[in-house]
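Asker: Under full-length UniProt numbering, the first residue of the sequence shown carries the number 1, and numbering increases by one thereafter.
The beta carbon of each residue, even a glycine, is placed where N, CA and C say it ideally should be.
I have a structure I would like to understand better, so I am pasting it below and will then ask my questions one at a time.
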Amino acid sequence: MKLGRTGPILGKRERARERSQHVEARSRWFGGNKFRMSLGLPVAATVNCADNTGAKNLYIISVKGIKGRLNRLPSACVGDMVMATVKKGKPDLRKKVMPAVIVRQRKPWRRKDGVFMYFEDNAGVIVNPKGEMKGSAITGPIGKECADLWPRIASAANAIV
Numbered sequence: 001m002k003l004g005r006t007g008p009i010l011g012k013r014e015r016a017r018e019r020s021q022h023v024e025a026r027s028r029w030f031g032g033n034k035f036r037m038s039l040g041l042p043v044a045a046t047v048n049c050a051d052n053t054g055a056k057n058l059y060i061i062s063v064k065g066i067k068g069r070l071n072r073l074p075s076a077c078v079g080d081m082v083m084a085t086v087k088k089g090k091p092d093l094r095k096k097v098m099p100a101v102i103v104r105q106r107k108p109w110r111r112k113d114g115v116f117m118y119f120e121d122n123a124g125v126i127v128n129p130k131g132e133m134k135g136s137a138i139t140g141p142i143g144k145e146c147a148d149l150w151p152r153i154a155s156a157a158n159a160i161v
């Protein structure tokens, strides 16, 4: 390994090994990994609220974990945490920014086994920053990608697809 002006000069194998170590460490920090999916819900999308908190819909303000690119809207998919506000629902929930997790999306995405999957509506559930649900029940099915990442949400769901 040669030393360059800014650090060690790495070959292809060494770079690949370093990258795989970084990915392993990242999955340890963030508790799980999700494959690349079709992002179906950009910022300013309104989704149904699938829990029993009293909110009817959620307006997406931002997506957690998106670094961004100039002029590109951050988008979310099943299993992503977003910051959202309630547009219709109980007055005590409205006019507050709160975290939510997307559980269903209309945009088809491809799973690793080759199946294209989509739901009939876009939906999310309100959570706290740790990922624990505010409500106690979920209406309708949730995606497997969401259930793998958020065990508290999976335990409240009646169907995981």
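1) On a Cα-Cα basis, can you pick out the residue from LEU10, VAL86, VAL78 and PRO42 that is closest to ASN33?
2) At the level of alpha carbons, what is the spacing between PHE30 and GLY65?
3) Using the Cα positions of LEU58 and GLU18, report the straight-line distance between them to the nearest angstrom.
4) Under 9 Å, do VAL47 and ALA84 count as touching if we go by C-beta distance?
5) Does the distance from the CB of ALA157 to the CB of VAL103 come in under 9 Å?
6) Between which two residues does the beta strand (DSSP E) harbouring ALA123 extend?
7) Return the Cβ separation of VAL127 and PRO151 in integer angstroms, given the expectation that the two are a contact with Cβ distance under 8 Å.
8) Given a cut-off of 9 Å on the beta-carbon distance, is the pair residue 191 and ALA154 in contact?
9) What residue from PRO91, LYS12, ILE142 and VAL97 has the CA that sits closest to ARG106's CA?
10) Does the separation of the CB atoms of THR53 and GLY89 fall below 9 Å?
11) Counting C-beta neighbours from all protein chains within 10 Å, is the total for LEU70 16 or more, i.e. buried, or is it exposed?
12) Taking only runs that begin and end inside the segment 53-122, name each unbroken alpha helix (DSSP H) of 4 or more residues, in chain order.
13) Any idea if ARG26 is buried or exposed, counting beta-carbon neighbours within 10 angstroms, 16 or more meaning buried?
14) Tell whether a beta-carbon distance below 9 Å holds between PRO108 and SER38.
Answerer: On the basis of the supplied data:
1) VAL78
2) Here the model assigns PHE30 a pLDDT of 47, short of 50, so the residue's position is not dependable and the matter cannot be decided.
3) 40 Å
4) yes
5) yes
6) 123-126
7) Not really, about 12 Å apart at Cβ, beyond 8 Å.
8) For the chain, the structure presents residues 1 to 161; residue 191 sits outside this window and is missing.
9) ILE142
10) yes
11) exposed
12) none
13) Caution is warranted here: a pLDDT of 44 is assigned to ARG26, below 50, making its placement in the model unreliable, and the coordinate value is therefore given only provisionally. Per the 10 Å Cβ criterion, exposed.
14) yes
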